[in-house]
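These notes are about the structure you will find just below.
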Amino acid sequence: MAIKYSEKVIEHFQNPHNVGKIENPDAEATEGSPACGDQLSVYLKVDPESHRIKDIKFQSYGCASNIATASIITDLATNKTIEEAKKITWNQAADELGGLPPVKMHCSVLAVDALRSAIKYYEKKHLGKKFDEGLNKKNIENELNKVIYGKIGVDIVSLRLVKYIGVDEKNNVLIEIVLKKDDPFLEDLQHEINERLGKFPDIGEIKISLI
Ligand code: FES
26 MAIKYSEKVI
36 EHFQNPHNVG
46 KIENPDAEAT
56 EGSPACGDQL
66 SVYLKVDPES
76 HRIKDIKFQS
86 YGCASNIATA
96 SIITDLATNK
106 TIEEAKKITW
116 NQAADELGGL
126 PPVKMHCSVL
136 AVDALRSAIK
146 YYEKKHLGKK
156 FDEGLNKKNI
166 ENELNKVIYG
176 KIGVDIVSLR
186 LVKYIGVDEK
196 NNVLIEIVLK
206 KDDPFLEDLQ
216 HEINERLGKF
226 PDIGEIKISL
236 I
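Read left to right, the sequence shown gives residues 26 to 236 (the numbering used here).
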């Protein structure tokens, strides 16, 4: 069945705003979507006094929804301070576009993820900020928070599908999820969880248990 897009998604897909690369950017980041393997790069120029985003551009290797959400988040982030831009969410991007089909919400997650990573790069490089990026419950939950249950288009943490997150002394991770064995989205979820958590360099075994 063909996926139905809003007029605004089609408009931003056909005429995306802020496409391209900034030479000598203050920050840049490329993120990939574990859900589909597509990629997005975001480049920023930031005013050093006000920390306002003066210029932002993107290059997408993703689908129509990703191009449209990247276009809208770059519009939303322009002239915002980095603190304000950090608060842009994928739901907000999808709402601004008149909604996205549930199976395409992960494309909006990719757009916001790349923007937030570019901001984080800026904060590390120019503001000397340090981040806790270790393997712990909070950071695992942050990653699971980006895993979208495609049937509904909402992340598995907000949907309360994640019942337990545990890390043992060998860095093995146990995640308990409320989902039926025959759920058609189960395989995609398991794959995405493994991909996202695989980013922690010292992670041991990842066990996903269904309850
Ligand atoms: Fe990959 Fe949309 S399907 S970004």
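Glycine included, every Cβ here is placed at the ideal spot set by N, Cα and C.
Interface flag, residue i vs chain D, CB-CB below 8 angstroms
i      : result
Ile144 : This model lacks chain D altogether, as it is built from one protein chain only.
Presumed contact (8 angstroms Cβ cut-off) between residue i and residue j, rounded CB distance
i      : j      : result
Asp63  : Gly87  : 4 angstroms
Ala316 : Thr94  : The chain is shown from 26 up to 236; residue 316 falls before or after that span and cannot be answered.
Lys224 : Pro126 : With 8 angstroms as the limit, Lys224 and Pro126 do not qualify as a contact, their Cβ atoms being about 27 angstroms apart.
Val303 : Glu53  : The requested residue 303 is not part of the displayed model; the chain covers only 26 to 236.
Gly123 : Lys33  : 5 angstroms
Val192 : Lys154 : Between Lys154 and Val192 the Cβ distance is about 25 angstroms, and since that is not below 8 angstroms, they are no contact.
Cβ shell of residue i (< 7 angstroms), same chain only, five flanking positions each side left out
i      : result
Val172 : Asp180, Ile181, Leu214, Glu217, Ile218 and Arg221
Glu168 : Arg221 and Leu222
Asn91  : Asp63, Leu65, Ser85, Cys132, Leu135 and Ala136
Val203 : Leu186, Lys188 and Ile236
Asp227 : Leu160 and Asn196
Ala102 : Ile78, Ile81, Ala110, Ile113 and Leu140
Ser31  : Leu122, Gly123 and Gly124
His42  : Ser96, Thr99 and Asp100
Leu50  : The question names Leu, but residue 50 in the sequence shown is Pro. Same-chain partners within the cutoff: Tyr68, Leu69 and Lys70.
Lys206 : Leu235
Residue i CB to nearest heavy atom of the ligand FES below 7 angstroms
i      : result
Asp138 : no
Gly87  : yes
Lys313 : Residue 313 is absent from the structure shown; the chain starts at 26 and stops at 236.
Ser142 : no
Asp63  : yes
Ser31  : no
Ser96  : no
Ser183 : no
Leu214 : no
Lys129 : yes
Leu135 : yes
Ser66  : no
Ser234 : no
Ser58  : yes
Ser90  : yes
Which listed residue (the options) has its alpha carbon closest to that of residue i
i      : options                           : result
Ile236 : Ile107, Ile190 and Tyr68          : Ile190
Ile35  : Glu48, Ile177, Ile97 and Cys61    : Ile97
Tyr147 : Glu194, Glu108 and Leu101         : Glu108
Leu69  : Lys79, Phe38, Lys155 and Ala60    : Lys79
Glu48  : Ala110, Arg141 and Phe83          : Phe83
Lys111 : Met130, Ser234, Arg141 and Gly57  : Arg141
Val198 : Lys205, Phe38, Phe210 and Ile233  : Ile233
Glu56  : His42, Ile144 and Phe38           : Ile144
Leu152 : Ser75, Val192, Leu211 and Gln117  : Ser75
Ala60  : Glu121, Met130, Gln117 and Pro41  : Met130
Glu194 : Asp208, Glu230, Pro209 and Lys206 : Glu230
Cβ neighbours of residue i in the same chain (closer than 6 angstroms, five flanking residues each side left out)
i      : result
Val128 : Gly175
Trp115 : Ser133, Val134 and Val137
Ile165 : Ile190
Ala89  : Phe38
Lys149 : none
8 angstroms Cβ shell around residue i - same chain, five flanking residues per side excluded
i      : result
Ser183 : Asn170
Ordered list of beta strand (DSSP E) runs contained in the stretch 191-215, each at least 3 residues: 198-202
Going along the chain, which unbroken runs of the alpha helix (DSSP H) with 4 or more residues stay wholly within the stretch 29-110? 32-39 and 89-102
Quick one: which unbroken alpha helix (DSSP H) runs of 4-plus residues sit fully inside the stretch 98-176? Chain order, please. 107-111, 115-121, 130-152 and 162-169
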